[in-house]
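Following: one structure in structure tokens, then a few remarks.
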Amino acid sequence: MYRRSYLRGVAVTGGIVSLAGCTELLGPDPSIENVDGDQSISGAFSGTMDIEVLVENGGRSGDIQITITFEDDEGTVVGRETREITMDSNESRRVTVSVDVPEDADVYTVEADAA
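Residues in the sequence shown are numbered consecutively from 0, following numbering that gives the first Met the number 0.
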């Protein structure tokens, strides 16, 4: 599951103006394009894990926060790791994040947001 934060629109004196495609005016606009981990999602996680994330920034240059959230089999968050990187406008970059996997983790999600 991946999440991308973006601005959908704002109300302006009795009307709504759509800002789709204009997020570059506001700051970084990161999206996760691909995620690869060195352990299987269906297998038991353990120890340390390297997660490779392809991040694209469709907005302005700035700081981007990558968040990896671990959940158990009931959907309860059992751990979270964050990394902050600086990206240029329209840059695409592969980032490898080494994380300590919580003992009871069954799944993980990766998100990228403007920091």
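Positions of the beta carbon are idealized from the N, C-alpha and C atoms, including for glycine.
Would you tell me roughly how many angstroms separate the C-alpha atoms of residue i and residue j, rounded to the nearest one?
i	j	result
Gly20	Glu55	Any reading at Gly20 is ruled out, since the residue's pLDDT is 49, under 50, leaving its predicted position unreliable.
Val77	Met48	15 Å
Asp163	Asp28	Look at the range of the chain in this structure, 0 to 114, and you will see that residue 163 is not part of it.
Asp105	Glu80	15 Å
Ser91	Leu53	7 Å
With respect to the beta strand (DSSP E) encompassing residue i, which residues constitute its N-terminal and C-terminal limits?
i	result
Thr81	Val76 to Met86
Glu102	Here Glu102 belongs to no beta strand (DSSP E), and DSSP marks it neither H nor E.
Glu185	Residue 185 lies beyond the stretch modelled for the chain, which goes from 0 to 114, so this question has no answer here.
Ile36	For clarity, residue 36 is Gly in the given sequence; the question names Ile instead. It spans Pro29 to Gly36 - the beta strand (DSSP E) in which Gly36 sits, taken as one unbroken run.
Glu73	No beta strand (DSSP E) contains Glu73, which DSSP labels as neither H nor E.
Glu51	Thr47 to Asn56
Can you list, in chain order, the residues of its chain whose CB lies under 6 Å from that of residue i, leaving out five sequence neighbours each side?
i	result
Asp35	Glu51
Thr95	Asp49 and Glu51
Under 8 Å by Cβ, that's how I've got residue i and residue j pegged, so tell me the actual separation to the nearest angstrom.
i	j	result
Gly57	Ala113	Actually they are not in contact, since the Cβ atoms of Gly57 and Ala113 sit about 11 Å apart, beyond 8 Å.
To which residues of the same chain is residue i closer than 7 Å at the C-beta, ignoring the five residues directly before and after it?
i	result
Asp71	Val77, Asp103, Ala104 and Asp105
Thr68	Val76, Arg79, Tyr107 and Thr108
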